[in-house]
Amino acid sequence: MEHIKAVIFDLDNTILNRTLTFEGFTGSMMDTYFGHLESTGHIQQRIIELDLDGYKDKTLLFNELLQELPWEEKPPHEELMAFYSKEYVRNSVLMDEAREVVQYLRGKYSVGLITNGQTHIQHGKIDQLGIREDYDHIIVSEEAGVKKPDSRIFQMALDHFGLKPEQCLYIGDHPVNDIQGAAKAGMSTIWIKVNQPWREGIEAEPIHTIHQLQELRSLL
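Under this note's numbering, the first residue of the sequence shown carries the number 68, and numbering increases by one thereafter.
So this is what it looks like as structure tokens:
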């Protein structure tokens, strides 16, 4: 790894525990809108299923929820969207040892973050977690105008750091958006296996597969 000069991370389910964060949001939603029910566990599970691990457009998700869930009184769609923006961010949870590992790596490399998502949501989560200063450069797809797996978003990071692709390592959980995308941009990759299964037909091979961020200490 002597040739590596920068380590760049994905955010959701890599640095931020997206699973626990969304579970926290659904809990807030139950408290606010479903206090009239004796039991809400099945409703929370249904919301999590429909959300598709964060890959369903939220406008569509809340349209579906308004039609399907047993509301006492249906709120306006825009109210739910605003509630999501606030409460999802407020419930942000880090992956185990995320800050410790990133700060350890920052002593050896430049450290960046590339994440798909809405600008105010992604930056909101970063600030809620208090991790902004842990990264030398942060790119959010909405404000960048391009999203993973498009090679251009990875090139933006390369241009910022003034490095060649082979000098950068990208770490993320999504086989296509993260591993294939970064590999097509010429970067080496490490796949953190969380919720997303490996896809058949992906030619990009990560140099390592990990299950916990702390494994990076021995690899890097």
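For each residue, glycine too, the CB sits at the ideal point set by N, CA and C.
Pairwise C-alpha distance: residue j and residue i
i, j, result
"glutamate 154", "leucine 225", "34 Å"
"serine 152", "isoleucine 188", "6 Å"
"serine 218", "leucine 104", "47 Å"
"glycine 174", "leucine 161", "20 Å"
"glutamate 146", "glutamine 112", "21 Å"
"leucine 87", "asparagine 80", "9 Å"
"glycine 229", "glycine 268", "32 Å"
"glutamine 281", "phenylalanine 129", "36 Å"
"lysine 214", "alanine 249", "12 Å"
"leucine 119", "histidine 241", "13 Å"
"glutamine 134", "threonine 107", "17 Å"
Contact set for residue i: own chain, Cβ-Cβ below 6 Å, skip 5 residues either direction
i, result
"leucine 236", "Ile71, Val74, Ser255"
"tyrosine 176", "Ala73, Val74"
"glutamate 139", "His103"
"isoleucine 193", "Arg199"
"phenylalanine 221", "Ala249, Ala252"
Assumed close pair residue i, residue j - CB separation to whole angstroms, cut-off 8 Å
i, j, result
"arginine 284", "tyrosine 171", "6 Å"
"methionine 68", "leucine 287", "6 Å"
"glycine 184", "valine 169", "The Cβ separation is near 19 Å, so there is no contact."
"leucine 180", "phenylalanine 101", "Not really, about 35 Å apart at Cβ, beyond 8 Å."
"alanine 252", "proline 273", "The Cβ separation is near 14 Å, so there is no contact."
"aspartate 203", "arginine 166", "So it is not a contact: roughly 15 Å between Cβ atoms."
Own chain residues within Cβ distance below 8 Å of residue i, not counting five before or after
i, result
"glutamate 131", "Leu117"
"lysine 125", "Met148, Tyr151"
Where the alpha helix (DSSP H) containing residue i begins and where it ends
i, result
"glycine 179", "Looking at the DSSP string, glycine 179 is not in any alpha helix (DSSP H); the run it does join, the beta strand (DSSP E), is 177-182."
"histidine 144", "144-157"
"isoleucine 82", "Note, isoleucine 82: premise wrong, no alpha helix (DSSP H); not H, not E."
"isoleucine 110", "108-118"
"isoleucine 274", "Where isoleucine 274 is concerned, there is no enclosing alpha helix (DSSP H), given that its DSSP letter is neither H nor E."
"asparagine 130", "125-135"
"lysine 215", "Run containing lysine 215: none; DSSP gives neither H nor E here."
Unbroken beta strand (DSSP E) run spanning residue i, endpoints
i, result
"valine 261", "Unbroken run through valine 261: none, as it is neither H nor E."
"valine 207", "204-207"
"isoleucine 238", "235-239"
"valine 74", "73-76"
Close beta carbons around residue i, own chain, < 7 Å, minus the five adjacent residues each side
i, result
"leucine 136", "Ile110"
"tyrosine 122", "none"
"glutamine 279", "Asp163"
"histidine 227", "His204"
"serine 95", "Glu154, Asn158"
Evaluate the contact criterion for the region 79-92 versus the region 155-163: three or more CB pairs, one atom per stretch, below 8 Å. Touching, yes.
Would the region 258-265 and the region 235-250 be scored as touching if the rule is three or more Cβ pairs under 8 Å? The answer is yes - the region 235-250 touches the region 258-265, with three or more Cβ pairs under 8 Å.
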